[in-house]
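Protein chains in written order, with my numbering: chain A, 445 to 804; chain B, 445 to 804; chain C, 445 to 804; chain D, 445 to 804.
Encoded as structure tokens, the structure appears first; notes follow it.
Number of protein chains: 4
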Amino acid sequence: MSFASDNAGGVHPRIMAALAAANQGHVPAYGEDSITRAAQDRLRELFDAPEAAVHFVASGTAANALSLSLLAPGWGKVFCHADAHVQTSETGAPEFFSGGAKLIPIPGAGGKIAPEALAEALVVHGRDSVHAGRNAALSLTNATEWGTVYRPDEVEALAAIARDAGLGLHMDGARFANALAGLDVAPADLSWRAGVDILSLGGTKDGCMGVEAVLIFDPAKSEEFQFRRKRAGALVSKHRYLAAQVLAWLEGDLWLQLARHANAMAHELALGLARLPGVRIDQRVESNAVFATIPADLHRRACAGGLCYHLWPHTQQPAEDEPVGIRLVCGWDTRLEDVTGALQALAEPKPLRAEPQALG
Amino acid sequence: MSFASDNAGGVHPRIMAALAAANQGHVPAYGEDSITRAAQDRLRELFDAPEAAVHFVASGTAANALSLSLLAPGWGKVFCHADAHVQTSETGAPEFFSGGAKLIPIPGAGGKIAPEALAEALVVHGRDSVHAGRNAALSLTNATEWGTVYRPDEVEALAAIARDAGLGLHMDGARFANALAGLDVAPADLSWRAGVDILSLGGTKDGCMGVEAVLIFDPAKSEEFQFRRKRAGALVSKHRYLAAQVLAWLEGDLWLQLARHANAMAHELALGLARLPGVRIDQRVESNAVFATIPADLHRRACAGGLCYHLWPHTQQPAEDEPVGIRLVCGWDTRLEDVTGALQALAEPKPLRAEPQALG
Amino acid sequence: MSFASDNAGGVHPRIMAALAAANQGHVPAYGEDSITRAAQDRLRELFDAPEAAVHFVASGTAANALSLSLLAPGWGKVFCHADAHVQTSETGAPEFFSGGAKLIPIPGAGGKIAPEALAEALVVHGRDSVHAGRNAALSLTNATEWGTVYRPDEVEALAAIARDAGLGLHMDGARFANALAGLDVAPADLSWRAGVDILSLGGTKDGCMGVEAVLIFDPAKSEEFQFRRKRAGALVSKHRYLAAQVLAWLEGDLWLQLARHANAMAHELALGLARLPGVRIDQRVESNAVFATIPADLHRRACAGGLCYHLWPHTQQPAEDEPVGIRLVCGWDTRLEDVTGALQALAEPKPLRAEPQALG
Amino acid sequence: MSFASDNAGGVHPRIMAALAAANQGHVPAYGEDSITRAAQDRLRELFDAPEAAVHFVASGTAANALSLSLLAPGWGKVFCHADAHVQTSETGAPEFFSGGAKLIPIPGAGGKIAPEALAEALVVHGRDSVHAGRNAALSLTNATEWGTVYRPDEVEALAAIARDAGLGLHMDGARFANALAGLDVAPADLSWRAGVDILSLGGTKDGCMGVEAVLIFDPAKSEEFQFRRKRAGALVSKHRYLAAQVLAWLEGDLWLQLARHANAMAHELALGLARLPGVRIDQRVESNAVFATIPADLHRRACAGGLCYHLWPHTQQPAEDEPVGIRLVCGWDTRLEDVTGALQALAEPKPLRAEPQALG
């Protein structure tokens, strides 16, 4: 019963089957094949963005860092949430790819940047000069690192401030499907129609093997992206196997079904957790993760019972018997019995049969 | 009938099956899983290098540029063949990853650097100074871009010169299996025992979906590699799917069988080509590619007949009726009837049914 | 009457004379001359650091960014004050030179980092991992951007925490002379004896034309510095003219005399300001700058009267009649009558004859 | 008697006097002062380029690398002569500043690129693709590293080829004054009128203390230059002292007078050398350097006699009694008696009094 990460899960059978089906004969390498073209077309259609450039890479960090480097030069400032993945978990990739851009972390409850907080950060850091650098980009994660979701109107409000300050808008959509699945809006509403310039659209956490799409709504930047992708060693040669994942993932709205399921499991889990004595749910569940504070004895019992999750934030150092903050992530492959089992592991004093396992 | 590129081919069924088999349950992400450990151990065993660090990435350019950046700082000089992939086909990746290293191209017949040529290049470019930069690395491709192969003694001779000049030795082994398959030597003999410090070992062109192993024979550099890989956005999250490919590829010496088959097909093709009127075989066939010069009418016939290959070098601009240099690459999935068909397409005036197709 | 910046001032006559004296005949370029050796030796002697490597560059940003790049790789974290020059005023130079390092800004009153604040920042950001990056450096500015000074024991306390966390210690000493002049300690006490690994020692703001020395107390890093300096285009060819400035600056403790004078003028100015109605001195004056909040009418009068200074912080946006924060910097060339004049311009309703002038 | 380098010489008295004269009072830092504006205006006037952006830096490598980085992205190809300073003597600065650009060295007699050689290099390396990179710039050195000079029509011919291939044209004018002084043309004729996009105009080797102007004939790139200059740590704070050098250097055509004198001394030296037995002049003297091959005994005598020069190329390794290639550089401060003395040192068997001295 692992709730450690949606990267720990597997590949959806229909996507695995699509890989096998794509495994026929020879096709041109480096994205010049018809499967790649079909996947690009499908995304343009789904996002109602016939002119958008669409490219695929194999990792979320590459997707984000390449996207930001299209917006931010080496003297650019990138505003983002203090807990944004690009700030906390991508080891200098944005700085490296851009040749020196500086990330300006903005605090905010629930992983979200409030319009006032962005405006305030711009007052302090938004002066354009050769000494201070140039305003370059705002990066929003949606769903956020705390499982919350920006609605289209919230993105629009931030985009308007960003635009006035000369900032392009990047969206880290590693969990874009989970964000979208909880809202009754079209993909375009949560991206370009709300002011997003470049979207990193994550497939990996939502049932793919390893593929992220980058949607560049201003196609003039497409050529530069391709050179940057190659220079970064991120151009995959047998490219059809990236694209085949995307096609199967989108087919019949599988991407949204998987995300909806993961979100539903997270809701279920939160409901159960909330009933346990001493447990506090720390964030409104809006996507596929549950953030909770639990008593120390529940934490010990969970670990002994083979229930895997991460402490959140990583940086907490709770004393022996103090409550501990945890993150439980549900995936497309989380079953209702996993949720039930998790709740039992927390509630029941008896250890389960499964062995404890450290998950990354 | 495509002989355009070994990147155009598919995935071997046993490797595809291994991906499906690995698709069970949750495992830790980012290479902390047991499949990754098994693949690393297997490579250490195969290369008789129990201390070596082994890491996986999804592209050859990432493997090469990361490897070189461990040897060459931003003021380093990297000596390589003028036709080396790192020099001609990786768009500034080695320069970018190292922060400014300069590649020094060395000419040489058949894609190989002769010891004398290396010595001469060192006379001209090997002066260490803050103005000229520091000697940093020698990069050898094996099998080379012209299908030829360095034998262990040849690598040793170059390694000795390199060592004396303060150069670390990198081997671009995108087709290492093809090189090894034609020699009766152990993997270690063609790598660390011959003086190689870092080997980029390619799986992609030899039947994998997309995986390259980097073998760092001095494990002290392993940590730096891991930081560099992450900073480059090249750390794949669902890492088991890289490792599962490697395990299946090595299992029962599949990697060498596939390479041997590809090499054999290339030999067969060369034999047939050599019998065609006006055709000249330009390089001794030592791995899986055939380089030939063919009359203009054969070239027109081949294209019309659906036979796909690349002009080689890309830069030739032959006149209307002049002979043309071509490269035909065989893969693990090239069948004898493909070879026969190719020869017929060249020899027969009648076009085949298949449509011409441009392959990248 | 300019109190805008110590970069706006001129060159001390003895330093100008030394440049003229050095202008004799031919000497080797690029720092191989005897004047350079003498200046290096003099600094080693003054700092009681016979093994230290000493190099010269022409700008403070180059000195800082090169120094940090010796401590921080592209995956390194550099902790510094939120108002540190390296964070606010060097446009991505530290990120660029290191190839991606991330600066972690730490808040703190008076431009200083408290040991507790450093410890807290390490709890939140000090986790070493390929995702989060590696702890690399602590950068302290002394005197700080708010004119305050770290005493040796304060540096030591921070150095101890830094060392435990794996951080090298860099000191941005653009105003090191001003810091030292206010303390009764030796140069070594405020640098390597207190745990500083690399010191950027600024001459430019203290009467030189344009020279900063970098003192690397671990000489093993000297060679790398020289390659990095050249790669950055920061190796000056007619190098004697950098070194001649340094020699004259140090001769007879001129550097400390000039700094002491500038500090004294700042004290004088603060005393006078404090007597003006409605004026608040915001920082204890410990070096050559005065930070004050003054009523709006004084501000208007000052500007009209030709008194030049900067708003501080730059980011404030005071309303029409609200008090305004200002910074007044004294230099080696600030005269007592300048101070008197400034106080008059603030106190007197009549404008002076001098024209207002915007200074950068 | 040093003929080692024009970087070994001093500063012309009128330029030194101008530095002293500029040393009055406070002026804005970072190039916002009136001296800087005057120097920029003067250069625009002299080059008949009222729209050009003009910026100053303190080193030739910074001037060249910043200029090239305006033309070449990290995936750009920069064509230059095999002996160009940017290729042989700037340690990865062009690659670093651009983020990965690749320099393509072109051979050519006398340090010059022939139009045919450029055309041929474009056939081999000029293919634009994400794998091979993009054509970005041609960099010409004028006067060249071998003392020869491109005339305006020669620059035009190369510029035309460059333009057709999508290459911007950079001129490394470290010795532009020496080139211009030997031709009866206007500065504009040898720069923008001949197709040059960016000129690095060197003052340092021609009597300044340390200043290079960058003339960007398309002012749209001016802002980017300023950000790049700051990010590189190459923005000098007390900027008036750069500009004051430039003004004095241009005043009354001093720059051309000094260059003409240096060129004349080189001619004189070459005439004398040519009369010595066994000496061969290797390049037509068109600027301020003489390249000759001299017998081994003359070389030994010269060194013993205190005559300083460099072996050229650096890479030669002559046998004991073989002739040796040398470079002798004249400067603005070379006197006729220095030339006479040099010829005597070579011709006379008696050593002079002066001690031998190694010059960088």
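Note that beta-carbon positions come from the ideal geometry of N, C-alpha and C, so glycine has one too.
- The beta carbon of G475 (chain B) sits closer than 6 Å to those of H683, all from its chain and outside the five residues before and after it, given in chain order.
- D628 (chain B) counts as exposed, since fewer than 16 other C-beta atoms from the protein chains shown sit within 10 angstroms of its C-beta.
- With a 10 Å radius around the Cβ and a threshold of 16 neighbouring Cβ atoms, P559 (chain A) comes out exposed.
- Chain order gives the chain A residues near H758 (chain C) as R571, where near means a beta carbon separation below 7 Å.
- Sequence-distant Cβ neighbours of L624 (chain A) in its own chain, meaning closer than 8 Å and more than five residues away, are P631, L634, L700, A703.
- At a beta-carbon threshold of 8 Å, the residues of chain D lying near K674 (chain A) are W519, V574, H575, ordered along the chain.
- Taking a C-beta distance under 9 Å as the contact criterion, A482 (chain B) and V773 (chain B) do not qualify as a contact pair.
- The beta carbon of R488 (chain D) sits closer than 7 Å to the beta carbons of P494, A496, V498 from its chain, once the five residues preceding and following it are set aside; these are given in chain order.
- Contact of Q484 (chain A) with chain B is not assigned, every C-beta pair being separated by 9 Å or more.
- Taken in chain order, the members of the segment 541-557 of chain D whose beta-carbon sits within less than 8 Å of a beta-carbon on chain A are G543, G544.
- Of the other Cβ atoms in all chains shown, fewer than 16 fall within 10 Å of the Cβ of Q761 (chain D); this residue is therefore exposed.
- Taking C-alpha positions only, F540 (chain C) is separated from R672 (chain C) by approximately 12 Å.
- Residue pairing of M615 (chain A) in beta bridges, as defined by DSSP: A:L584, A:L643.
- From the beta-carbon of Q761 (chain A), the residues of chain C found nearer than 9 Å are V567.
- Under a criterion of Cβ atoms nearer than 8 Å, the residues of chain D adjacent to L679 (chain C) are, in order, S503, T505.
- At a cut-off of 9 Å between beta-carbon atoms, K665 (chain A) makes no contact with chain B.
- In the three-state scheme derived from DSSP, where H, G and I count as helix and E and B as strand, S731 (chain B) is classed as coil.
- Inter-residue distance for L515 (chain B) and A506 (chain B) is about 14 Å (C-alpha atoms, whole angstroms).
- Put simply, of D:K649, D:H575, D:F523, D:G552 the residue whose alpha carbon is nearest the alpha carbon of G504 (chain B) is D:H575.
- Here A618 (chain B) is near T648 (chain B), since their CB atoms are less than 9 Å apart.
- Between G555 (chain B) and T532 (chain B), the beta carbon gap of about 11 Å keeps them out of contact (Cβ cut-off 8 Å).
- Counting the other CB atoms within 10 Å of its CB gives S542 (chain B) a total of 16 or more, which places it among the buried residues.
- Spanning the alpha carbons of G570 (chain A) and A606 (chain A) requires a straight line of approximately 10 Å.
- For H758 (chain C), same chain residues with a beta-carbon under 6 Å away, outside a window of 5 residues either side, do not exist.
- From the beta-carbon of Q670 (chain B), the residues of chain C found nearer than 8 Å are V574.
- Of the residues B:Q788, B:D777, B:V783, the one whose Cα lies closest to the Cα of H456 (chain B) is B:D777.
- Of all alpha-carbon atoms in D:A748, D:P517, D:Q670, D:F491, the one lying nearest the alpha-carbon of V501 (chain D) is that of D:Q670.
- In this structure, the straight-line span from the alpha carbon of G769 (chain C) to that of Y753 (chain C) is close to 10 Å.
- When DSSP states are grouped into helix, strand and coil, L624 (chain B) belongs to the helix group.
- Between A676 (chain D) and A676 (chain C) a beta carbon distance of about 6 Å is seen, short of the 8 Å cut, so the two are scored as contacting.
- In the structure shown, G769 (chain C) adopts extended strand secondary structure according to DSSP, grouped into three states.
- Here E560 (chain B) carries a helix assignment [DSSP, helix/strand/coil].
- The DSSP assignment places 457-466 as complete runs of the alpha helix (DSSP H) inside the segment 456-489 of chain C, in order along the chain (cut-off: 4 residues).
- Taking 7 Å as the cut-off between beta carbons, the residues of the segment 682-696 of chain D near chain C are K682, Y685, in sequence order.
- By the rule that beta-carbons nearer than 9 Å mark a contact, N508 (chain B) touches chain A.
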